[in-house]
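What follows is a single structure, written as structure tokens, with notes after it.
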Amino acid sequence: LRPLLLEQQHSLFSNVADKRFALCYMGWSSLDRRTTLPMLPWLVAEIRRKSEKNESGPGQAREVQLYLSPTMIRCVPANSSNPSVFIFEHKAQFISRFIHNSHDLSYFAYLIRSQPDNPESEMACHVFKACDPNQVPEVISSIRQVSNAALKEESKPRQDSDESFYNSQKFEVLYCGKVTVNHKKAPSTLIDDCIDKFRQHEIERKRLRLLNGHSSSTGSLLGVFPECILEDSDFGEQQEIRTRCNSLAGGLQKRPREAGKGSTRRRHASEPNNVQPSDADKNRTMLFQVGRFEVNLISPDTKSVVLEKNFKDISSCSQGVKQTDHFGFICRDVVESGPAQYVCYVFQCASESLVDEVMLTLKQAFTTAAALQSSKNQIKLCEACPMHDLHKLCERIEGLYPPRAKLAIQKYLSELSDNEQVNIFERVQKMKPASDHEENELVILHLRQLCETKQKSHVHIGENASGSTMTSDNSGAGRNKLDALKNKARSSLTSSLENIFSRVCVCCPSMSSWFLYILVCICCFSDHMDGWELLPLSPRALNRDQNPQVSPLSSEQRFGGEKGRRSPADYRALWKKAIHQQILLIRMEKENQRLEASRDELHIRKMKLDYQEVCQCSKEVQALWDRKLSSPCRTKVQWDKEEIHSAVCQGISVPKSRRGEVWLLLSQQYRLRHRLPQRQQPPETSYQDLLKQLTTQQHAILVDLGRTFPTHQYFSTQLGAGQLSLYNLLKAYSLLDTEVGYCQGISFVAGLLLLHMSEEQAFDTLKFLMYDLGIRRQYRPDMISLQIQMYQLSRLLHDYHRNLYTHLEEHEICPSLYAAPWFLTLFASQFQLGFVARIFDLLFVQGTEVIFKVALCLLSSHEGEILECDGFESIVDYLKSTIPTLTHSQMEEIITKATEMDISKQLHAYEVEYHVLQDELSDAPPPSEDSDRLDKLEKANSQLKKQNMDLLEKLQAARLKIQTLEGSVESLLSRESKMKHLIRSLEQEKASYQKTIERMRSSLPSDAMAEVEMTQLKSSTNGKAKETACKKPPSY
């Protein structure tokens, strides 16, 4: 696989390598960490203005050549012939954002962080100008392509190490439903209560379905259980699923006969209300993915993410007490029409042990996410921050015309102090702006400088609580609170005024219905519109001027008030016309959706068949298969076996575009000729019913998803459409064949089938390969069939290629070292897809004998090279690495040889020989030496188990000691922080006292200060004399 990966990397980088663009570099500027997206256009304008007017700055305008290499972006002077002399260069993966100036399309910029691993490092903004505005999209696209390629290359080394971590964080669950709770912390019995509620709803739904009949069940249930039907009626559409998962609808309506009873029972505060169970008829199995900072619920059926919840929104997770195979989590759910609510999502796992693993994974993920979030030094902002006020101003004036933006800026300036207003006014007038837009740019420039200066000394709200014990600190805190209240009142007043001024029709009565409004619009605009012009027939199609809150009278006065009253016939004709146009719109929309779906299907089909064919199919062979596939009785009438053999084996190839249909046809013809006994046939369970169940093999399947065809575009995306389809197929077979379940190697067989047909067709074909052709025997837990196959291959080498067999035996290389993956994956894990697809063509005609033929031909074609290898490692490396890299001619030669061989009799004889040898070995008595050795090994094993238990006890004691030490360290750290806090407060108190003393000294005259100092000296001398007198012993 490594040469293929290197080839793909080379082709990826060759698209963007050696590109260069002639641009004009305007300069760069550093950004404050609090700079937001609405501020960036003003920063770009500042850099552009400085370069155009030749002002001093970190960069001057000059013509440059921008070179794009696979990992670097280099800016070279235009007059320099040496590319090694450059102005600057960046690593492509460090570019974070592009800015395209809407006022002048020839300008663009990008942001880059000087130290990407350090969140404290500053961002830099580099501005360029293109000679042609149409060149800018090409430049941005090329830089983005280089950046994405560099990011992919950078992430590859850690992809393998992180694969096991990410795969271990996915679990298959059954979505049971959701309920609305009143508290974020629920009792331990919440999950059990929810399950009981769901079962009650399901029983009631079935009862109503029986009462009302299947034809009217949907309409009756919609009135009784509106939430259940609305929750799951369109379960397959991603957009509606996202909407349902991110918001909650109203509560369940009471049934008419229950509404009059007036229940007097008081419901517990934590008891679930608004119960919304999932639809049992839908496929409710999901993949529960635990990421670093979020939880995702992925539907393998719809190939989409149906639920995304951040860890910060999840308040608690719990497991059922009685229903131990169920779990759920409570999260905050924001409703647009009201305050945030808490919702409990309930899931079911295949076993209790799996629920324990999910709960442990969630606990570890929460702990890790909390540690990562606390380690990041996030930018602190509050409502009173100057940079936050500037952000709101830039956001308010974004997209406005310069005169209106000027008014908003002047309104903001009026809130500053007089000195600040005068200073900004004088600076702007000194630069003599020529237009309103240029004046706005200058004002924003000086406002940004002012806000950055004020931000350095700004104290956030709530950060001055450390000195609350002092009177001066209390007054300072009071002033901060007062400033915060002023800012809040000011912002609320500003927003209120803006809302008042932005309203167009405040006092207009609301329209009674959209029906009447559409009628009024048609009446008013009918004389001013063309007969074929389409009218807005839905609220989404209305313009801002066509406000639905405007009354019919006002609309008629505004657009056609002078018209007389229309007759009912006119209204009827207008409505017929509107309905006809709406029907045309709906038809066109459906046609567009159908075309888009067919286009996506063609794109996916092209992606699936993106491999090189071994033998090109001729037109005659393609026409032959077209005739056979179009035959109406192809599934009921047996064809001539020789005709099928000649069409597949002696023909040039099978058409790649119809290979899946050919495989299905060949499997149907095989079943017509060979009927399996009843006891050997697979269970009659539909594919959709299997998908609704939970499998115990989920972990092994999820681990192998990323390992199956990792370089193919259809399967390369993690949990993409290809991997989810493969998961469905492997899961369904593991549930169908409980004896085999899932074994490594089946994923490659299933993946190759998915590349050529749909999921259900691939499932039916996989059943054919496993049961009808008997491949499932090699995947059984004992793997006796695989041992027989290895013995058969060894005997084939012994009979057909004695020198190669002797060479491999001398170096103790058995077929299981190199040929086991060939048989378990049918060559799909190591060889090219075109070669493997051709092997599958023969497999459907000749059976499993083809695997031995191809393996024998592969070894015989490389016999000379293998004999030249003189060591164990070199031989194994050649067998595993060199043989799979076949050339096109070698693959054709091997396929041709395999079709001409006939080894069925030998394979049958070798199988009988293996069973005879096994019977002889089983009948022979074991020697005494082996029994003594077995006894010694058992004793050693018991001793090792005892040592292991002792080590486990020591490990447990060490862990307890570590926990106690960690607790003591935490207590010491908390004590240290408290002492630092106390020292800081004492230092502030000391500083305030010193300032008071200095102020008092400055206020006293010099004579008074001298008298105070003399008084202090006298008091100190008197005190010392008294102390010496007290210390003298009494004289007698």
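First residue of the sequence shown: 281, per my numbering; consecutive thereafter.
All C-beta atoms, glycine included, are put in the ideal place defined by N, C-alpha and C.
H406 has W308 and Y390 as its beta-bridge partners, per DSSP. At the C-beta level, G608 and Y625 come within 8 Å of one another. The beta carbon of E1040 is closer than 6 Å to those of Y967 in its chain, skipping five residues each way along the sequence.
A direct Cα-to-Cα measurement between M639 and I981 gives close to 21 Å. Ranked by Cα distance from I578, the options S1074, Y1007, P350 and E923 are led by Y1007.
Judged by beta-carbon spacing, E343 lies beyond the 8 Å limit of C355, meaning their Cβ atoms are not closer than that value.
The Cβ-Cβ distance between C665 and Q735 falls below 8 Å. DSSP lists E574 as the bridge partner or partners of N590. Take the alpha-carbon of E1250 and the one of L567: they are about 38 Å apart. By the neighbour-count criterion, in which 16 or more other beta carbons inside 10 Å mark a residue as buried, C913 falls on the exposed side. Close CB contacts of S1027 within its chain, under the 7 Å cut and outside five residues either way in sequence, are with D984, T988, L1006 and L1010 (chain order). Contact annotation: the segment 1074-1083 does not touch the segment 997-1006, with fewer than three C-beta pairs closer than 8 Å.
In terms of Cβ geometry, L1004 and L970 do not form a close pair [threshold 8 Å]. Separation of K1298 and T1276 (C-alpha to C-alpha, rounded to the nearest whole angstrom) is 25 Å. Excluding its 5 nearest sequence neighbours in each direction, E941 has C-beta neighbours in its own chain below 7 Å: L909, listed in chain order. Annotated as proximal: C405 and V324, with beta-carbon spacing under 8 Å. Comparing alpha carbon positions, the residue from S421, Y387, E700 and S1014 closest to H979 is S1014. Among the bridge pairs identified by DSSP, S1140 is matched with none.
In this structure, the beta-carbon distance from E452 to L725 does not fall below 8 Å.
Rounded to the nearest whole angstrom, the C-alpha separation of R487 and E588 is 34 Å. In the structure shown, the three-state DSSP call for Y1098 is coil.
Restricted to the segment 960-998, the alpha helix (DSSP H) segments that are unbroken, complete and at least 4 residues in length are 967-971, 978-985 and 993-996, listed in chain order. According to DSSP, L454 shares a beta bridge with T565 and Q628. In chain order, Y1059 place their CB closer than 6 Å to the CB of C1023, counting only its own chain and leaving out the 5 sequence neighbours on each side. By the Cβ rule, the segment 1133-1148 does not count as touching the segment 895-905, because fewer than three pairs are nearer than 8 Å. Of the residues assessed, K1047 falls on the buried side of the cut-off, its CB having 16 or more other CB atoms within 10 angstroms. About 5 Å separates the beta carbon of D472 from that of K602, a gap short enough to meet the 8 Å contact definition. Pairing A430 with A389 gives a Cβ-Cβ distance that is not under 8 Å. Its chain contains L1016 as the residues whose beta carbon lies nearer than 7 Å to that of T965, once the 5 sequence neighbours on both sides are disregarded; these appear in chain order.
Beyond the five residues adjoining it in sequence on each side, M1171 comes within less than 6 Å, by CB distance, of V894 and F1115 in the same chain, given in chain order. Excluding its 5 nearest sequence neighbours in each direction, E637 has C-beta neighbours in its own chain below 8 Å: F451, listed in chain order. The alpha carbon of S631 has as its nearest neighbour, out of Q977, L1106 and I741, the alpha carbon of Q977. Taking a 10 Å sphere around the C-beta of I483, we find fewer than 16 other C-beta atoms and assign the residue as exposed. Excluding sequence positions up to five before and after S376, its CB lies within less than 6 Å of the CB of L391, all in the same chain and listed in chain order. DSSP places K734 inside the alpha helix (DSSP H), whose first and last residues are D716 to K736. By the criterion of a C-beta distance shorter than 6 Å, P318 is surrounded in its chain by C674, E675 and E678, once the five residues flanking it on both sides are discounted.
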